[in-house]
Amino acid sequence: MNLEASLRERAALDDSAAMVELAQWLLVRGRRSEAQQWLRNAAAAGDLVGMTHLGARLAQEGDLHGAKSWLERAAEAGQATAMVSLVMVRVDIAAGRHGNLRTHLLPRSGPVHDRKTRHWWRRAAEAGDPLGMFLWSVVCARRNRPDDSLRWREAAAECRDPAVLRAIGDFCRMHNVDDAEPWYDRAVSADGDPIERSTAAARLAELLPDDEAERRLRDAATSVGAYGRGVLGEWLERRGQVAEAEECYRAAAEQGSHRAMNNLAAILLDRAETGAAERWFRLAADDGFAEAMSNLAAVHLRRGDQQSAAFWLIRAVGAENDVAWPALRQMLTGEGLDLLSGAVAGDTHQMALAGTWLARSAMTAEAEPWLRRAAAAGDPDGMDSLGFMLSQRPGGGTEAEAWLGKAVDAGSVNACCEFGVFRERQQRYAEAEELYARAARAGHVLGMTNLASLLEQRDELTEAEHWYRQAADHDHPRAMSNLGRLLELRADHGQAEHWFLRAARTGDADAMHNLGAMYGRRGDEQLARLWYVKAAKAGSDIAKAKITGRF
Numbered sequence: 014m015n016l017e018a019s020l021r022e023r024a025a026l027d028d029s030a031a032m033v034e035l036a037q038w039l040l041v042r043g044r045r046s047e048a049q050q051w052l053r054n055a056a057a058a059g060d061l062v063g064m065t066h067l068g069a070r071l072a073q074e075g076d077l078h079g080a081k082s083w084l085e086r087a088a089e090a091g092q093a094t095a096m097v098s099l100v101m102v103r104v105d106i107a108a109g110r111h112g113n114l115r116t117h118l119l120p121r122s123g124p125v126h127d128r129k130t131r132h133w134w135r136r137a138a139e140a141g142d143p144l145g146m147f148l149w150s151v152v153c154a155r156r157n158r159p160d161d162s163l164r165w166r167e168a169a170a171e172c173r174d175p176a177v178l179r180a181i182g183d184f185c186r187m188h189n190v191d192d193a194e195p196w197y198d199r200a201v202s203a204d205g206d207p208i209e210r211s212t213a214a215a216r217l218a219e220l221l222p223d224d225e226a227e228r229r230l231r232d233a234a235t236s237v238g239a240y241g242r243g244v245l246g247e248w249l250e251r252r253g254q255v256a257e258a259e260e261c262y263r264a265a266a267e268q269g270s271h272r273a274m275n276n277l278a279a280i281l282l283d284r285a286e287t288g289a290a291e292r293w294f295r296l297a298a299d300d301g302f303a304e305a306m307s308n309l310a311a312v313h314l315r316r317g318d319q320q321s322a323a324f325w326l327i328r329a330v331g332a333e334n335d336v337a338w339p340a341l342r343q344m345l346t347g348e349g350l351d352l353l354s355g356a357v358a359g360d361t362h363q364m365a366l367a368g369t370w371l372a373r374s375a376m377t378a379e380a381e382p383w384l385r386r387a388a389a390a391g392d393p394d395g396m397d398s399l400g401f402m403l404s405q406r407p408g409g410g411t412e413a414e415a416w417l418g419k420a421v422d423a424g425s426v427n428a429c430c431e432f433g434v435f436r437e438r439q440q441r442y443a444e445a446e447e448l449y450a451r452a453a454r455a456g457h458v459l460g461m462t463n464l465a466s467l468l469e470q471r472d473e474l475t476e477a478e479h480w481y482r483q484a485a486d487h488d489h490p491r492a493m494s495n496l497g498r499l500l501e502l503r504a505d506h507g508q509a510e511h512w513f514l515r516a517a518r519t520g521d522a523d524a525m526h527n528l529g530a531m532y533g534r535r536g537d538e539q540l541a542r543l544w545y546v547k548a549a550k551a552g553s554d555i556a557k558a559k560i561t562g563r564f
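Numbers given in the working numbering equal positions in the sequence shown, counted from 1, plus 13.
#1: Considering only C-alpha positions, which residue in the set Asp160, Leu384, Ala180, Lys129 is nearest to Asp142?
#2: What residue from Thr361, Glu85, Arg216, Asp191 has the CA that sits closest to Trp383's CA?
#3: Would you identify the three-state DSSP class for Asn189, choosing helix, strand or coil?
#4: With H, G and I counted as helix, E and B as strand and the rest as coil, what does DSSP make of Asp537?
#5: Name the two residues that bound the continuous alpha helix (DSSP H) containing Glu447.
#6: Is the CB-CB distance between Ala332 and Met306 below 8 Å?
#7: Label Gly241 either buried or exposed according to how many other C-beta atoms from any shown protein chain fall within 10 Å of its C-beta, with 16 as the threshold for buried.
#8: Spatial neighbours of Pro175 within its chain, please: CB distance less than 7 Å, with the 5 preceding and 5 following residues excluded, ordered by chain position.
#9: Taking buried to mean at least 16 other C-beta atoms within 10 Å of its own C-beta, is Asn15 buried or exposed?
#10: Start and end of the alpha helix (DSSP H) containing Phe302?
#11: Only counting the same chain, and skipping five residues up and downstream in sequence, which positions put a Cβ closer than 6 Å to that of Asp611?
#12: Among the candidates Arg216, Leu67, Asn276, Asp283, whose CA atom is the shortest distance from the CA of Leu296?
#13: Buried or exposed, going by whether 16 or more other CB atoms sit within 10 Å of the CB of Lys559?
#14: Any idea what DSSP makes of Val434, helix, strand or coil?
#15: Judging by CA-CA distance, which residue of Gly408, Val434, Glu469, Gly433 is the nearest neighbour of Ala18?
#16: Whose CA, out of Ala388, Gly349, Ala169, lies closest to the CA of Asn54?
#17: Suppose the cutoff is 6 Å on Cβ atoms and the five residues either side in sequence are ignored; what does the same chain contact list for Ala273 look like?
#18: For the alpha helix (DSSP H) that Asp161 lies in, which residues bound it at each end?
#19: Could you tell me which uninterrupted beta strand (DSSP E) segments, each at least 3 residues in length, are contained entirely in the stretch 360-413, listed from first to last along the chain?
#20: Near Gly59, which residues of its chain fall below 8 Å by C-beta distance, leaving aside the five closest residues on each side in sequence?
#21: Ignore the nearest five residues each way along the sequence and tell me which others in Thr377's own chain have a CB closer than 7 Å to its CB.
#22: What separation, rounded to the nearest whole angstrom, lies between the Cα atoms of Arg535 and Leu528?
#23: Go through its chain and collect everything with a Cβ distance to Arg451's Cβ below 7 Å, but skip five positions before and after it.
#24: Checking 8 Å against the spacing of the C-beta atoms, do Tyr449 and Leu474 come in under that value?
#25: If we require 4 or more residues per run, which alpha helix (DSSP H) segments fall completely within the stretch 483-551?
#26: Would you mind giving the Cβ-Cβ distance between Tyr442 and Ala465, rounded to the nearest angstrom? I have them listed as a contact below 8 Å.
#27: With Asn275 as the anchor, note down where its alpha helix (DSSP H) starts and where it stops.
#28: Got a sec, what are the start and stop residues for the alpha helix (DSSP H) Val336 sits in?
#29: Between Ala323, Glu510, Gln470, Lys550, which has its C-alpha nearest Met531's C-alpha?
#30: If we ignore side chains and look at the alpha-carbon of each, how far apart do Trp325 and Glu414 end up?
#31: Does His117 come out as helix, strand or coil in the three-state DSSP assignment?
#32: Give every residue of the same chain whose Cβ lies closer than 8 Å to the Cβ of Gln216, excluding the five residues on either side of it in the sequence, and list them in chain order.
#33: Taking the alpha carbon of Leu540 as the reference point, which residue from Asp394, Ala168, His526, Leu499 has its own alpha carbon closest?
#34: Return yes when the Cβ of Gly400 is within less than 8 Å of the Cβ of Glu431, no when it is not.
#35: On the premise that Met64 lies in contact with Trp51, defined as a C-beta separation below 8 Å, what is that separation, rounded to the nearest angstrom?
#36: Under 8 Å between the Cβ atoms of Val152 and Arg131?
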């Protein structure tokens with residue numbers, strides 16, 4: 014099981030730590046909306062890290078008061094990072110700002126003498142948060158306590174988390190409180206997230222003369238690996254050194270960097286090497302890189318292949334690529350346009366309906382992102398459809414069980430039936446029967462049929478007939494055919510024939526076979542053969558065997 018599947022399975026089982034980790038995994042891939050929903054779920058479950066990350070995301074999006082609410086809860090419960098972030102949000106609220114996508118954790122002016130600021134930053138420092146230590150060192154320096162300032166700064170410098178070291182560098186750069194360069198340098202040299210390390214390398218290069226920047230980026234390309242080579246390639250390409258940039262992108266792409274694959278493909282496309290470009294775009298797109306999906310759609314549009322372009326645009330929109338939707342909207346009509354418009358606008362139930370529509374259109378992979386977003390937000394239909402989809406997938410049983418159970422608890426009648434099927438496959442017949450009964454009593458026709466089938470297996474034929482008849486009155490083919498079989502068993506041949514014929518007219522192969530058998534027992538070989546042939550054409554293997562052996 015890969016990391017994503019493992020995280021999703023654990024998150025569906027209400028593991029809040031997995032929810033937070035899944036959200037971070039999604040954010041790296043640009044899946045902001047689904048990530049935020051998982052953070053909400055983790056925060057609602059009382060996870061302090063989830064509250065902190067949710068507060069940060071809300072601040073990024075400009076919802077400072079929402080951010081403050083979650084950060085206060087986490088900070089008051091002792092979460093050190095939330096203490097740091099809370100001060101930043103309070104500063105922005107006081108200044109009438111609306112958040113900033115890159116620097117929301119860092120105030121653009123620092124009221125370091127404010128009592129609340131000192132309280133939270135000191136608590137964060139004493140709790141061991143490296144950014145809190147650094148910020149508290151700034152407070153100490155401005156309050157003429159140089160020894161304390163140096164002690165806390167040195168403690169912060171012991172940190173080996175590249176994300177925190179990079180954040181300290183950002184703070185220094187923005188507020189001129191210290192030299193940012195050594196903090197970025199520490200971030201590049203630290204063990205850990207290669208994306209954060211390469212981001213720090215890019216920030217560091219912005220501070221340096223070109224010769225020194227190039228040297229540092231080449232060092233980072235060696236030490237960080239694929240992501241470092243990708244950053245070097247982007248730096249070189251911006252300076253017109255396209256040939257060497259291409260070499261960097263290719264090396265990074267061959268090591269698995271999706272961004273490098275996309276950038277390499279763009280250079281190849283500019284050179285009219287369309288086939289090679291398409292291969293790299295596809296490799297990145299197949300692995301979930303949304304920008305590559307959108308670019309691959311553009312390649313198909315260039316050659317006039319509207320169908321393939323629409324396919325990749327649908328995938329890109331599902332992966333939250335903002336560029337793809339305007340292009341896709343021009344290509345869709347009718348139900349698909351209406352459903353996806355609502356889904357893109359953030360309507361949770363429309364996401365569930367859009368996912369279901371895509372699944373019915375044999376676009377399962379394209380349906381899954383919408384169903385997952387709807388399910389994570391608690392939509393019963395989304396949970397039901399996602400659970401059903403996963404139940405058909407090898408290895409998807411545990412997560413399917415979790416989502417179907419949640420959908421049942423949320424009141425989905427259809428999920429009662431789907432979960433019943435799931436339980437019946439597990440041979441947990443008592444639970445399956447209870448679920449089918451709930452669905453049947455709510456008027457679910459397949460639930461009635463499946464309940465009747467279980468009852469028939471237990472020889473409770475009167476009750477089975479009741480539910481078959483209920484479903485047959487709604488023209489359910491299997492119920493009509495099975496009802497006919499029960500009626501024939503008790504020698505009510507006229508009514509049996511009636512229901513077999515009704516089922517056969519819907520194309521039900523079993524009913525056609527049953528008619529052939531009924532007419533054969535009556536000695537009407539011509540009619541028997543006619544219905545056996547029809548049943549065989551409709552897919553009945555038993556009818557095919559009887560034709561071969563009997564006629």
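Think of the CB as a built atom: it goes at the ideal place given N, C-alpha and C, for glycine as much as any other residue. None of these values were measured; they are calculated from a predicted model.
In brief:
#1: Ala180
#2: Thr361
#3: coil
#4: coil
#5: 442-454
#6: yes
#7: buried
#8: Ala200, Ala203, Gly205, Asp206, Glu209, Arg210, Ala213
#9: exposed
#10: That residue, Phe302, is in no alpha helix (DSSP H); it is neither H nor E in DSSP.
#11: The chain is shown from 14 up to 564; residue 611 falls before or after that span and cannot be answered.
#12: Asn276
#13: buried
#14: helix
#15: Gly408
#16: Ala388
#17: Gly243, Tyr262, Ala265, Ala266
#18: 159-170
#19: none
#20: Ser29
#21: Met402
#22: 11 Å
#23: Cys429
#24: no
#25: 490-502, 506-518, 522-535, 538-550
#26: With 8 Å as the limit, Tyr442 and Ala465 do not qualify as a contact, their Cβ atoms being about 14 Å apart.
#27: 271-283
#28: Taken as a continuous stretch (DSSP letters only), Val336 belongs to no alpha helix (DSSP H), as it is neither H nor E.
#29: Glu510
#30: 30 Å
#31: For His117, the predicted structure reports a pLDDT of 39, less than 50, and the residue's modelled location is therefore unreliable. The matter cannot be settled from this model.
#32: Looking at the sequence itself, residue 216 is Arg, so the reference to Gln does not match. So the qualifying residues of the chain are Arg179, Gly182, Asp183, Arg186, Ala193, Tyr197.
#33: His526
#34: yes
#35: 13 Å between Cβ atoms; not a contact.
#36: yes
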